[in-house]
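K.L.:
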Amino acid sequence: MKKQSERVKERESKKSSVKASIQTMDELLAQTGYKLRGWKRGDEIEGVLVEKTKQVLYLDIGGKTEGMVIDREMKAAADFIKELKVGDKVTAIVTQPENESGQTLLSLKKAAQDAIWQEFTEKLKTGESIKVFGQEVNKGGLIVLAKSLAGFIPTSQFNSKWLGKINQLINQEIEVKTIEVDRQQNRLIFSEKEVSQAGLIKEQSLALKKIKVGDVLEGEVTGIMPFGLFVRVKTPVDLEGLVHISEISWEKVDDPSKFFNQGDKIKVKVLAADQKTGKLNLSIKQLQLDPWEEIEKKYPSDTRVKGEIVRLAPFGAFVNLKPGIEGLIHISKIPAEKVLKVGDKVDCFVESVDREARRMSLGLVLKEKPVGYK
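Just so it is clear: in the sequence shown, position 367 is 382 by the working numbering, and no numbers are missing.
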């Protein structure tokens, strides 16, 4: 039997042998089985909430000490933190790998943002309403605060009673529905009228489903914009549609107000019915004959015509022959001494017609033709 003193010497000898064989920290960790974790600022780590107070959260992050969420990081994720319970798993971002007490400081701001975007995505699917706060009016509508995110209510998504009064909603609570969520584009769009006019919108949606492309409807001009006309059409419930500037007339339209006034009663043809937005795309001109149909028969080559100069361009002069029919006198066909002005009445002849491109080439009828001029 070995004496106690001999066994002690033997153990000390083995320890010395092990120490002598270890050359690096990695070898030491391998011998002990201990895993050393070193965080860097910005690292994303998972933790488990072990303690929650009004001033601080403690998270088990698998390190030698617990991670902490304190001060402004508590305020930045306040709404998210309210819902957390001891035992919940959360994803945190390292803001300081180690403070004076050796603890890792963390932020839950990203986790809070993720949770909010996910909540709005769910609200979009379910149609559940939420409350937001008016912040600032801009040209297109109202910027709102939705939890900690900035959202937007377009003017078109307000009940008509708020038209011209949206500024009264600044600092006010507004009940809305989420209609668009796009985190990549940072777009969060809401509708006030889908809450305040929910019944009417449902009726309009049902009425819209009964409308077919090609239907002709009675309407009233309710608004005139540089890009077209807003028209309220008569169905079991009133629906709103747009006649784009290109669909007002076969003539070139630069200013819709020169063709129609607010309150005018008109007929329109349905081009499209958008179930998603509840809007109609309408046309006025397509209820009239296209003046370019059979244009070649009406204006064969060499036909003498009279018209009015309506526009001048560097490459020539445009002549209106009748509503919807314009031709071009190319600059090369205008004698140097001939000065044309908008409003001039001119005698022309048809040189060529391209119905598909809706183009007509004209020549001037001159009393004295220059040499080489037809």
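Just so it is clear, CB atoms sit at the ideal spot from N, CA and C, and this is done for glycine as well. Everything numeric in this text was worked out from a predicted model, so none of it was measured.
1. Would you kindly report the start and end of the unbroken alpha helix (DSSP H) that includes Lys-217?
2. Between Gly-117 and the rest of its own chain, which residues show a CB-CB distance below 6 Å, the 5 nearest in sequence each way excluded?
3. Please state if the CB of Val-246 and the CB of Ile-281 are separated by a distance shorter than 9 Å.
4. Distance, Cα to Cα, Thr-170 vs Phe-205?
5. Have a look at Lys-146 and Glu-115 and give me their C-alpha separation to the nearest angstrom.
6. Measuring alpha carbon to alpha carbon, tell me which of Gly-256, Gly-243 and Phe-167 ends up nearest Phe-274.
7. Leaving out the 5 sequence neighbours to the left and right, which residues in its chain are closer than 7 Å to Ile-310 when beta-carbon positions are compared?
8. Counting Cβ pairs, one atom from each stretch, are 3 or more of them under 8 Å apart for the stretch 310 to 323 and the stretch 351 to 368?
9. At the level of alpha carbons, what is the spacing between Lys-353 and Ser-347?
10. Please give the ranges of any beta strand (DSSP E) in the stretch 144 to 216, keeping only runs that are unbroken, at least 3 residues long and fully inside the region.
11. What residues are listed by DSSP as bridge partners for Val-236?
12. Over the uninterrupted alpha helix (DSSP H) stretch that includes Thr-141, give me the two end residues.
13. So what does DSSP say about Gln-301, is it helix, strand or coil?
14. Please name the residue in Val-65, His-259, Glu-218 and Gly-339 whose C-alpha comes closest to that of Val-252.
15. Taking the DSSP output, what are the residues bridged to Ala-91?
16. Using the Cα positions of Lys-162 and Thr-136, report the straight-line distance between them to the nearest angstrom.
17. For Gln-303, count neighbouring Cβ atoms within 10 angstroms of its own Cβ and tell me buried if that reaches 16, exposed if not.
18. Would you tell me roughly how many angstroms separate the C-alpha atoms of Glu-113 and Leu-74, rounded to the nearest one?
19. Is it right to say Val-101 is buried, meaning 16 or more other beta carbons lie within 10 angstroms of its own, or is it exposed?
20. Output yes or no for whether 9 Å exceeds the beta carbon distance between Val-84 and Ser-122.
21. How would you label Lys-312, buried or exposed, when you count the other beta carbons within 10 angstroms and need 16 or more for buried?
22. Suppose you measure from the CA of Met-240 to the CA of Ala-351; what does that come to, to the nearest Å?
23. Given a cut-off of 9 Å, decide if Gly-156 and Phe-396 are closer than it, judged by their beta-carbon atoms.
24. Indicate whether Glu-88 and Lys-138 have their beta-carbon atoms separated by less than 9 Å.
25. Who pairs with Ala-288 in a beta bridge, going by DSSP?
26. From Lys-284 to Asn-335, what distance separates their C-alpha atoms?
27. Which of the three DSSP states, helix, strand or coil, is assigned to Glu-309?
28. Do you know whose CA, among Gly-57, Leu-99, Lys-294 and Thr-250, lies nearest Ala-222's CA?
29. For Leu-184, count the other beta carbons within 10 Å of its own beta carbon; 16 or more makes it buried, fewer makes it exposed. Which is it?
30. Which of the three DSSP states, helix, strand or coil, is assigned to Asp-75?
31. Tell me which same chain residues have a C-beta within less than 6 Å of the C-beta of His-259, skipping the five on either side of it?
P.N.:
Result, derived from the coordinates:
1. Run containing Lys-217: 213 to 225, per the alpha helix (DSSP H) assignment.
2. Thr-80
3. A Cβ-Cβ contact shorter than 9 Å links Ile-281 with Val-246.
4. 11 Å
5. 42 Å
6. Gly-243
7. Val-368 and Arg-370
8. yes
9. 12 Å
10. 144 to 153, 156 to 161, 164 to 169, 188 to 197 and 202 to 206
11. Paired residues: Val-246.
12. 124 to 141
13. In the three-state reduction of the DSSP assignment, Gln-301 falls in the helix class, which pools H, G and I.
14. Nearest C-alpha to Val-252 among Val-65, His-259, Glu-218 and Gly-339: Glu-218.
15. Partner(s): none; Ala-91 has no beta bridge.
16. Whole-angstrom Cα-Cα distance: 14 Å.
17. exposed
18. 14 Å
19. Burial call: exposed.
20. The Cβ atoms of Val-84 and Ser-122 sit closer than 9 Å to each other.
21. Around the beta carbon of Lys-312, a 10 Å sphere encloses fewer than 16 other beta carbons of the protein chains shown; the residue is thus reported as exposed.
22. 41 Å
23. Coverage of the chain is limited to positions 16 through 389, which leaves residue 396 absent and any answer about it impossible.
24. no
25. Leu-295
26. When rounded, the distance between both Cα atoms is 26 Å.
27. Coil.
28. Ranking Gly-57, Leu-99, Lys-294 and Thr-250 by Cα distance to Ala-222 puts Thr-250 first.
29. buried
30. Note: Asp-75 maps to strand in three-state DSSP.
31. Gly-243
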